[in-house]
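In the numbering used here, the protein residues as written are 5 to 54. Don't be surprised by glycine CBs; every beta carbon is placed ideally from N, CA and C.
Below is the structure:
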């Protein structure tokens, strides 16, 4: 996150879940996974996250 890197203000820190998803390669529609599973693009389903 560019704001956090620049100012080191905890208010701008990325949420842990989002950071975890990005590191896992879950980039949403681009990769077919994210907060939703885009296996069927016409009917995306919410992912079950732990």
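(message) Starting from residue 53, trace the alpha helix (DSSP H) in both directions and tell me its first and last residue.
(response) Premise fails: residue 53 is in no alpha helix (DSSP H) and is neither H nor E.
(request) Please report how far the alpha carbon of residue 44 lies from the alpha carbon of residue 52, in whole angstroms. (result) 16 Å
(request) Would you mind working out which of 8, 39, 6 sits nearest residue 24, comparing C-alpha positions? (result) Among 8, 39, 6, the Cα nearest to that of residue 24 belongs to 39.
(message) Tell me the DSSP secondary structure of residue 40 in three-state form.
(response) strand
(request) Can you tell me which of 10, 11, 5 puts its alpha carbon nearest to the alpha carbon of residue 20? (result) 5
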